Amino acid sequence: MKAMLRMAIVLSVLLVGTTVQAHEGHAHEEAQGQAFIDPSLLGFSGLRHIVNVHPAFVHFPLGLFPAALLLYALGMLLKRPSWLVAGRACLYLAAAGTTVTILTGLQAQNTFAHNERVHHMMMTHLRIGLTIGGLAAILMGWSFAHHAHRPKGAGGFLMLLVLTTYLALQNGDLGSRMVYVEGAAVNVAVPNQVKETVPHQHTHGH
Numbered sequence: 003m004k005a006m007l008r009m010a011i012v013l014s015v016l017l018v019g020t021t022v023q024a025h026e027g028h029a030h031e032e033a034q035g036q037a038f039i040d041p042s043l044l045g046f047s048g049l050r051h052i053v054n055v056h057p058a059f060v061h062f063p064l065g066l067f068p069a070a071l072l073l074y075a076l077g078m079l080l081k082r083p084s085w086l087v088a089g090r091a092c093l094y095l096a097a098a099g100t101t102v103t104i105l106t107g108l109q110a111q112n113t114f115a116h117n118e119r120v121h122h123m124m125m126t127h128l129r130i131g132l133t134i135g136g137l138a139a140i141l142m143g144w145s146f147a148h149h150a151h152r153p154k155g156a157g158g159f160l161m162l163l164v165l166t167t168y169l170a171l172q173n174g175d176l177g178s179r180m181v182y183v184e185g186a187a188v189n190v191a192v193p194n195q196v197k198e199t200v201p202h203q204h205t206h207g208h
């Protein structure tokens, strides 16, 4: 328990440090008198305006598979059964999150118009997602065969978890490219501004 508490403290410190570093680039907003958090933007109002809820769930496997990998690897290396239990819990949550992510993704693919390039990327995204779901199911079944919470064939289990984690991160990258590079299922945030053609008078002194 103490070991898990120390790990939680370390992860919290890293998270706070990352948050502070990310916030440094936006310090000018506070200088202009804006609130640290705008309450008017809270309340999950985004879910009322969109049909596609897939983005609300994709972060669960992206965060939980790496967490499961880290906890399993450290638990095996340091022989900490409690860390293996935590890794197993993260694995089960990641598998559940993957299932919901796949289902919402299947629903989302027909909710917006897209070109051939986006369709090709979307099909690859879907197939990788289904592969992740299959691997997660295998890992869950494998995790039941254990000794002192250490999976039997621990090396193979860990390698399969590495592969699953890689595919989850790769699929996250592919999904972000569809949205942020190809503009799939998004509205234009800033409209194209028309260049002003106001004549300027110049006074030249001689």
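The opening position of the sequence shown corresponds to residue 3 in the working numbering, with each subsequent residue numbered one higher. Where is the CB? At the ideal position from N, CA and C, for every residue including glycine. Note that the structure is predicted; figures quoted are calculated from it, not measured.
Can you name the start and end residues of the alpha helix (DSSP H) that residue i belongs to?
i, result
"residue 43", "No alpha helix (DSSP H) holds residue 43; DSSP gives it neither H nor E."
With H, G and I counted as helix, E and B as strand and the rest as coil, what does DSSP make of residue i?
i, result
"residue 152", "strand"
"residue 37", "coil"
"residue 127", "helix"
"residue 115", "coil"
"residue 82", "coil"
"residue 183", "helix"
"residue 173", "helix"
"residue 139", "helix"
"residue 87", "helix"
"residue 146", "coil"
"residue 62", "helix"
"residue 55", "coil"
What's the call for residue i, buried or exposed, on a 16-neighbour Cβ count within 10 Å?
i, result
"residue 173", "buried"
"residue 199", "With a pLDDT of 46 at residue 199, under the threshold of 50, the modelled position of this residue cannot be trusted; read the value that follows with caution. Exposed, by the Cβ-count rule."
"residue 77", "buried"
"residue 45", "exposed"
"residue 83", "exposed"
"residue 41", "exposed"
"residue 56", "buried"
"residue 39", "exposed"
"residue 124", "buried"
"residue 145", "buried"
"residue 120", "buried"
"residue 108", "exposed"
Segment contact flag, the stretch 162 to 172 with the stretch 64 to 77, C-beta cutoff 8 Å, min 3 pairs:
yes
Per the contact definition of three or more C-beta pairs closer than 8 Å, is the stretch 146 to 158 in contact with the stretch 177 to 188?
no
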